[in-house]
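Written below as structure tokens is the structure these notes are about.
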């Protein structure tokens, strides 16, 4: 195929991690376009921890762009129980995909990280330049270090080989394909399931851990996908004007937070729970506040559009349609 023919043909875009919450949202976003073909592979088809498999895949598939959303993820218990797997598997996946993309001549790649890359005691809201300025939260340090390494891998291939590999760091995400496991899920799916079950059992109260005063920021995963596609397709001049060579990652969030109490009240409204909210102050609150500074992303022309209550209603509809898979 000539260069002219290749320019006219649809972009071949590989989404790594397409079955996860973020990866599936990126696939949905890309499928609304008529200028690209989306490539996906299940774990059974392609083990991203295997360097040989990943190199062969990229050598065969003539890929134009990569969204690297694949990751080994979990809550505090999983991170504490399996730190070796969390650092090893995440490092291997990103090393294999980023290097194979480079070797196959892929010029554009977007790496998806996490807000846990920032120090435990970072000033709020969290700015991109807070990276590597302090001690990480011990409970997820291995995962965070792997994500920091992913940012630096992208920056290093850019510096040495002139690649255009970009990184985005999302705040707390929720939405379709979230994990609603009763023990391993994050705050929104855990609370949503608890409220739903309270409605089903006609319970008079729902117990919430802590005082309800900590503040958290939440972003619907469809907004995250839209931001990812926006950042991937920014003109190089615009991207470079708003980032630095060795501080190139971009926070993605709403720039707005709410208390856990306000979140619980909204979830009660969304699920139809009319009983009492009881806050168990014997349980830990965690960090008082976690909010992303999204001024860099705003300067690049993107802002979140899905309000929290609207997003929670969408997530609850998805849960109701798929609740059979969460039973037991």
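Numbering (this note's numbering), first residue to last: -11 to 316. Glycine residues also receive a C-beta, built at the ideal position from the N, C-alpha and C atoms.
Per the DSSP calculation, residue 53 is bridged to which residue(s)? For the purposes of this step, residue 53 is taken as residue 65 along the chain shown, with counting starting at 1. Paired residue(s): 1, 96.
How about residue 202 and residue 277: do their beta carbons lie closer than 8 Å? For the purposes of this step, residue 202 is taken as residue 214 along the chain shown, with counting starting at 1. For the purposes of this step, residue 277 is taken as residue 289 along the chain shown, with counting starting at 1. A contact, by the Cβ cut-off of 8 Å.
Quick one: Cα of residue 94 to Cα of residue 50, how far? As a first step, residue 94 is located in the chain shown; it is residue number 106 there, counting from the start. As a first step, residue 50 is located in the chain shown; it is residue number 62 there, counting from the start. Their Cα atoms are separated by approximately 8 Å.
Starting from residue 239, trace the beta strand (DSSP E) in both directions and tell me its first and last residue. As a working mapping, residue 239 is identified with position 251 in the chain shown. 238 to 240 is the extent of the beta strand (DSSP E) around residue 239.
What is the C-beta distance between residue 7 and residue 38, in whole angstroms, given that I count them as a contact (C-beta under 8 Å)? For the purposes of this step, residue 7 is identified with residue 19 of the chain shown, where counting begins at 1. For the purposes of this step, residue 38 is identified with residue 50 of the chain shown, where counting begins at 1. Rounded, the Cβ-Cβ distance is 18 Å, inconsistent with contact.
Exposed unless 16 or more other CB atoms sit within 10 angstroms - verdict on residue 132: Within the chain shown, residue 132 is the residue found at index 144, counting from 1. Residue 132 should be labelled buried.
Apart from the five residues on each side of it in sequence, which residues of its chain come closer than 8 Å, Cβ to Cβ, to residue -10? Numbered from 1 along the chain shown, position 2 holds the residue referred to as residue -10. In this prediction, residue -10 has a pLDDT of 49, which is less than 50 and means its spatial position is unreliable; nothing more can be read from the coordinates.
The beta strand (DSSP E) enclosing residue 193, as first and last residue numbers: Indexing the chain shown from 1 puts residue 193 at position 205. Unbroken beta strand (DSSP E) run through residue 193: 193 to 197.
Kindly indicate which three-state DSSP category residue 6 falls into: helix, strand or coil? In the chain shown, the residue the question calls residue 6 occupies position 18. Looking at residue 6 - three-state DSSP - the assignment turns out to be coil, as it is neither helix nor strand.
Residues that DSSP places opposite residue 202 in a beta bridge: As a working note, residue 202 is residue 214 in the chain shown. According to DSSP, which records beta bridges pairwise, residue 202 is partnered with nothing at all.
Is it buried or exposed, residue 234, if we count other Cβ atoms within 10 angstroms and call 16 or more buried? Taking the first residue of the chain shown as 1, we reach residue 234 at position 246. Counting Cβ neighbours within 10 Å, residue 234 comes out exposed, since fewer than 16 surround it.
Compare the beta carbon distance of residue 11 and residue 57 with 8 Å and say whether it is the shorter of the two. Within the chain shown, the letter at position 23 stands for residue 11. Within the chain shown, the letter at position 69 stands for residue 57. It is a contact, given that the beta carbons lie within the stated cut-off.
Helix, strand or coil for residue 25 per DSSP? Position 37 of the chain shown, counted from the start, is the residue given in the question as residue 25. Strand at residue 25.
Cutoff 6 Å; reference residue 320; Cβ partners in own chain excluding five residues on either side: Any question about residue 320 goes unanswered here, given that the chain covers just -11 to 316.
Looking at the secondary structure, which residues open and close the alpha helix (DSSP H) in which residue 307 lies? Taking the chain shown and counting its residues from 1, the one referred to as residue 307 is at position 319. That run of the alpha helix (DSSP H) goes 296 to 310.
Three-state secondary structure (DSSP) of residue -11: Numbered from its first residue, the chain shown carries residue -11 at position 1. Here the model assigns residue -11 a pLDDT of 47, short of 50, so the residue's position is not dependable, and the following value carries that caveat. Residue -11: coil per DSSP, three-state reduction.
Cα-Cα separation between residue 82 and residue 105, rounded to whole angstroms: Numbered from 1 along the chain shown, position 94 holds the residue referred to as residue 82. Numbered from 1 along the chain shown, position 117 holds the residue referred to as residue 105. When rounded, the distance between both Cα atoms is 15 Å.
Residue 185: which of 22, 313, 261 sits nearest, CA to CA? Mapped onto the chain shown, residue 185 falls at position 197. Nearest of 22, 313, 261 to residue 185, Cα basis: 261.
Between the alpha carbons of residue 307 and residue 208, how many angstroms are there, rounded? Taking the chain shown and counting its residues from 1, the one referred to as residue 307 is at position 319. Taking the chain shown and counting its residues from 1, the one referred to as residue 208 is at position 220. When rounded, the distance between both Cα atoms is 14 Å.
Tell me where the beta strand (DSSP E) around residue 155 begins and ends. On the chain shown, residue 155 is found 167 positions in, with the first residue counted as 1. From DSSP, the beta strand (DSSP E) with residue 155 extends over 152 to 158.
Helix, strand or coil, according to DSSP, for residue 220 in the structure here? The residue given as residue 220 occupies position 232 in the chain shown. Helix at residue 220.
For the beta strand (DSSP E) that residue 245 lies in, which residues bound it at each end? Start at 1 with the first residue of the chain shown, and residue 245 comes out as number 257. First-last for residue 245: undefined, no H or E at that position.
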